[in-house]
Every structure is written in C-alpha cells, then in structure tokens.
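Reviewing the structure listed below.
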Amino acid sequence: AQSVTQLDSQVPVFEEAPVELRCNYSSSVSVYLFWYVQYPNQGLQLLLKYLSGSTLVKGINGFEAEFNKSQTSFHLRKPSVHISDTAEYFCAVSLGSFGNEKLTFGTGTRLTIIP
Amino acid sequence: GAGVSQSPRYKVAKRGQDVALRCDPISGHVSLFWYQQALGQGPEFLTYFQNEAQLDKSGLPSDRFFAERPEGSVSTLKIQRTQQEDSAVYLCASSLGAGNTGELFFGEGSRLTVL
C-alpha cells in the first residue's frame, strides 16, 4: 500500500520570501503524485500533478514541484509567496497508472504568510 | 452546477441519530469518492463508486456507515446511530474515470458535529 508523509505540520514564511513544502511517499509501484490546496472553508483544489514525463511540473498560482524518484519525494516550491497563499496544502498519491484513482493523502502542511 | 455540490454544509446531530449526506457530482463524471477529514488531519478514503457500482468500501469505519449511488449520479452517505467520533468533514469528489487526467474534483464538504 502507498503512503504519504508531510513532515512539516506548520510553515510560517514572510511575504515575498521563497517556500518549500516537503512531501515524501512510499510505494512499491509507480504512482501519480498531486498537491492540493484547501483555503479556509473551501473544498480541496488541485495545484499541480505529476503523471509521467518531465519531473518538474508547474501548477497554478506560481507553484511548482519536482518529482524525485530516487528520494521518493515531491516537494512543492514557490519563489515568492503572497498573503493569499495562506492555506492548508496536501500532498497525495494514487495508483492511477494501474487504473486506481483512489487518493491517499498526507496530513497536510499549514502555510502561514507573515506580512 | 459546474462543480461538486454537497448538502447539508453543516449538520449537528445528537448521539444516536441517523444522518444522510448528499453529493451531486459534476455531470458526466463516472467516478465518485467519499472521504472523511477529521480536524487537523488529511482526508481519509471511505468508499468509491464507478457509475452505480460500489467498487471499494474498504475505508468505511464500521457497519454504521453506508453509501449508495443508485442511478450513477447523486450519492448519499448515511451514518446510523451517530457517535461523537463520527464528527468530521465529509468530502465528496468526482472524476471522469480511470485513464483520464487523474484529477479528483472536490466539493466543499459537509461538516458533521455529533453532540
């Protein structure tokens, strides 16, 4: 079975500073990787995904993530954060390549932007 | 509507009451998922439908939880004899189906509080 670890439960960052949110996964087979964002009182929204191909994927709102197979990581980065990026961020995996869309989520990282 | 719609958004139940949570997926989406999100945690998988067929119910925590999607569109999650540990946000998600983009589209959730 696959699993996801988000080691940082909370990350405070000053506005316009860079940020990296860490995600590591465990799986014995190839997985699809996702980052979702949850703004207060809203549903989960897809930020970006890795299915195959280029290991650097770009998403909405200036976020990007890099798939590293040898380190089983999929860290999320943004070079300059804005107040509006304050939210909960979830990393997730699926066995989509095997026709199984079920997502397994990490416990989330709360990103707080300091003005 | 254009997105996944869930109702009610908020439900308060007395311990022992039965509750029913409704999910209206995006039109034409084949797959439908239910997740449970406890406070401060990531979403946990409950069950999965492909059209009207319930293909995976491995995440349902007890036989008090029951889900259906009789016509392959709207789904209902029913919880019988609610307990305090059932308090959580219940998320519904839909997708085009396996072999497509891999993305799940989430509703805003139904927040259940059991007193």
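Same order as they appear, the protein sequences are chains C and A. Just add 124 to the spot in the first sequence (first one is 1) and you have the working numbering. Just add 868 to the spot in the second sequence (first one is 1) and you have the working numbering. A virtual CB, placed ideally from N, CA and C, is assigned to each residue, including glycine.
query, result
"Could you give the DSSP three-state label for Gln257/C: helix, strand or coil?", "With chain C covering 125 to 239 only, the question about residue 257/C has no answer from this structure."
"Return the CA-CA distance between Tyr174/C and Pro893/A, expressed in angstroms with no decimal places.", "24 angstroms"
"Under 6 angstroms Cβ to Cβ from Val161/C, same chain only, skipping five residues before and after it: list those, please.", "Gln169, Leu171, Ala211 and Tyr213"
"For Tyr156/C, which residues in chain A fall below 7 angstroms Cβ to Cβ?", "Gly970"
"Roughly how many angstroms lie between the CA atoms of Tyr872/A and Val137/C, to the nearest whole one?", "One point to set straight first is that residue 872/A is Val, not Tyr, in the sequence displayed. So the alpha carbons of these two residues sit roughly 32 angstroms apart."
"CB Ala956/A to CB Leu972/A, shorter than 8 angstroms?", "no"
"Rounding to the nearest angstrom, what Cα-Cα distance links Val887/A and Phe901/A in this structure?", "18 angstroms"
"Helix, strand or coil for Glu225/C, going by three-state DSSP, please let me know.", "strand"
"If you count every other CB in all the chains shown that lies within 10 Å of the CB of Lys202/C, and 16 or more means buried, which is it?", "buried"
"For Leu889/A, which residues in the same chain have their Cβ closer than 6 angstroms to its Cβ, ignoring the five residues on either side in sequence?", "Leu945, Tyr958 and Ser978"
"Could you check whether Leu200/C and Phe191/C sit closer than 8 angstroms to each other, using their CB atoms as the reference points?", "no"
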